[in-house]
Every structure is written in C-alpha cells, then in structure tokens.
C-alpha cells in the first residue's frame, strides 16, 4: 500500500491512500507485477491529479501494454461482471501449456456467453504440425475442460498478420456485443493486445492518447468502430506452472523463444531422462524399448541415465550439467507421480514442456519441482 506519508506527495494527510487516475488502481511501489505499480522515485514533485501507474503511463505515451496479474477473487469478480453482459469472450491460452493456462470453468463463470478459444505461440511448435489437426486437438481439449467454444483459432501474437486474422474472426462472431480478452499470466495476452492497438492505430490513425484505461480496476478498453469496445482484463495467476517457482534467469532458459525441435530417445525400462534440473522422466517398466520424444525449450539440456543412478546424478550435477537452477545451492525439491500408460500419450510438465510416450502397457514416473503440476493427456503431435 502506498500512502502519502510514505512518499513525497502530501505529508499533511499521511493516512490518505492515492490512486492511479487512469485505471483507478491503488498506487503501490512494492510489486511491479501487481496493479497500481509506480516506482517511488516517480512520485517526486508530482501532483495527485497527474499520477498514473506505470502500466497506464506506458500505454498513454508508448502504446505499450505491460502484463499485470490480479488475485483469484478479483479475477472472479471481473468474470462475474462479464456474465451480466452480452459479451463475446476470447480466452487466450498458451498452446505449449494448454491445460496449465486454461481458465477453469470459464464458460460458466462468464454466464455462458459465446466463447472463442485462442491458442497463442503457434509459431513455436514444429512446422511439420498441421494447423487443422492442432485446431481439432485444441477443440477436443476444450471439450474435456467443459467448454464448448464457438470457434477455435491458432495465432502467434508476435506476428501482425496472425492477429489481423483473429480480429476478422472476432468481428465475424461478436455481433452487437463488447469483446473481453481473458487469460492467465504468461500466455502472451499483453503482446496480443499491443498488436491489436497497433493495428487499430494504423487503420484509423488513432493517436496514442485516445487509448485510456477504463474506470474499472485493471481493465484496458479499446474502442471499436461501432460504439462497442474490446476489453483486456489482467491475467490470473496459476501457481501450477513451473515458471512461478523460478528466478528471472531460470525463466529465460525455460520459456521457448525458438521453434521446438523434437528430441527422440529409445529408452529401455529402468532408464531416465532429466529435463535440465527441473524435471525428470522415468521409464519404470514395460514390454521393451519405447520411443520417447521430448518437447522443451532448446536451451534446456536433456540427460539420459540409468534410473538407479538418477538420484545420485541429481545430487552431484545439479547446477552443473543439470541446469537450471544455475547454483547447486539452489536445490529444488522434486515431487513424483506414477502413471500407467495404455496408449500413446503426452506427459506434461506444466510450463516446462512435455514428453510424448510412443508406447502402451508401460509404467512411467514424472518428477517436477515442488509446486508445479504434472499430468497425462492425449498426444498433441
């Protein structure tokens, strides 16, 4: 909480809380990832009627939207507001971690308004993967999550042409409705919104200052050409993703920046693979050799070993051959889950990658750092 007595705005009323005049968020200087962040140095000599949080400031002056996260309660309240309106909801998910980035119960929470599911980061998947097949897979995953989308799309938010296609799809389905963009943190939603702002500016010659945050906490409203609006909502924090357990240097290593290349291994029962120092795959038992394919950031090294030696290898090589973490003192506790696999499946390490198991009738174990999720799904590729 930022109070005027703690900063240099007004010492006469030290208990008065101050707010961003753009989005209405309570200003604070502790956490740049939370609403209302403003560096304390930015308060020097500023009047109360000229105080914008960093997010609003960069939107006003640079057409740049920074990601911000809210609590689960705040996010649920926002979805509740959407449920009271006639709206088209666009749920952006990370195609590299669909289950880990899906908003649970999104259809019910938004009043069963029509919904489009958008898988972002399509450009990072192997180019050999057919778009139509992946779109069908994403639709099936949505059904499994209890959502029946109006449409499913695949995009790369860093590519303007891809976003332009999504806007065409939105315009096709929105009718006489406002559009709400929702999603968890780290799905690339801010990059998407920035592209939308840039496209709108080019087409309509709209100056940057035409875009002001809405009066509701954390929402950014972009005017559409028929009096309706496109509303960006802050991302909800999903703690099960591995990146939330890492420091910034480790996150840079884990998040892919280039196309994922399949790394294939022929494993016998009793063999293991380490995914950096954050995940481990064990082929416990089965009828024979199995083809195992790892999909993870190219910067993450994969190490094969015997299962009986895996624990010792982890203790001796963490922070050396097994990175991240980059400091052997920064030991992460690995938790284990056992799975019996009866058909080809993906073992997903949420936010880290996945292992495709091309085998049936086998038992495998997945290890991941404590606090992160691991689960089996129908194979993507």
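Residue numbers (UniProt numbering): 1 to 381. All C-beta atoms, glycine included, are put in the ideal place defined by N, C-alpha and C. Here the structure is a predicted model, which means the values were calculated and not measured.
| Check | Outcome |
| --- | --- |
| Residue 337 versus residue 374: straight-line alpha-carbon distance, rounded | 8 Å |
| Paired residues, beta bridge with residue 267 - DSSP | 290 |
| Simplified DSSP state of residue 304, which is helix, strand or coil | strand |
| Limits of the unbroken beta strand (DSSP E) element including residue 367 | 362-369 |
| Given residue 339 as reference, the closest of 283, 253, 320 and 113 once Cα atoms are compared | 283 |
| Span separating the alpha-carbon of residue 341 from that of residue 59 | 49 Å |
| Residue 379 versus 83, 94, 91 and 345, residue with shortest Cα-Cα distance | 345 |
| Where residue 180 falls: helix, strand or coil (DSSP) | strand |
| Segments of 3+ residues assigned as beta strand (DSSP E) that fall wholly inside the stretch 48-134 | 87-94 and 115-120 |
| DSSP-derived helix/strand/coil call for residue 20 | coil |
| Endpoints, alpha helix (DSSP H) assigned at residue 166 | 160-174 |
| Own chain, CB closer than 8 Å to residue 173, minus 5 neighbours either side, in chain order | 88, 114, 116, 150 and 151 |
| Reduced DSSP category for residue 296 - H, G, I as helix; E, B as strand; rest coil | strand |
| Distance between residue 260 and residue 306 (C-alpha atoms, nearest Å) | 26 Å |
| Residue 33 CB to nearest heavy atom of the ligand GTP below 7 Å | Because no ligand of any kind appears in the structure shown, any question about the ligand GTP cannot be addressed here. |
| Inter-stretch contact (C-beta, 8 Å, three-pair minimum) for the stretch 98-113 and the stretch 135-147 | yes |
| Helix, strand or coil at residue 323 [DSSP, three-state] | coil |
| Cβ contact (3+ pairs, closer than 8 Å) linking the stretch 116-126 and the stretch 355-370 | no |
| Span of the alpha helix (DSSP H) around residue 249 | 248-254 |
| C-alpha gap between residue 20 and residue 41, whole angstroms | 15 Å |
| Beta carbon of residue 280 nearer than 8 Å to that of residue 352 | no |
| Sheet register partners of residue 377 (DSSP bridge) | 346 |
| Beta carbon of residue 253 nearer than 8 Å to that of residue 300 | yes |
| Local Cβ density within 10 Å of residue 185, reported as buried at 16 or more and exposed below that | buried |
| CA nearest to the CA of residue 234, picked from 30, 34, 29 and 349 | 34 |
| Candidates 158, 126, 264 and 85, of which the one nearest residue 289 by Cα | 264 |
| One or two residues paired with residue 275 in a DSSP bridge | 279 and 302 |
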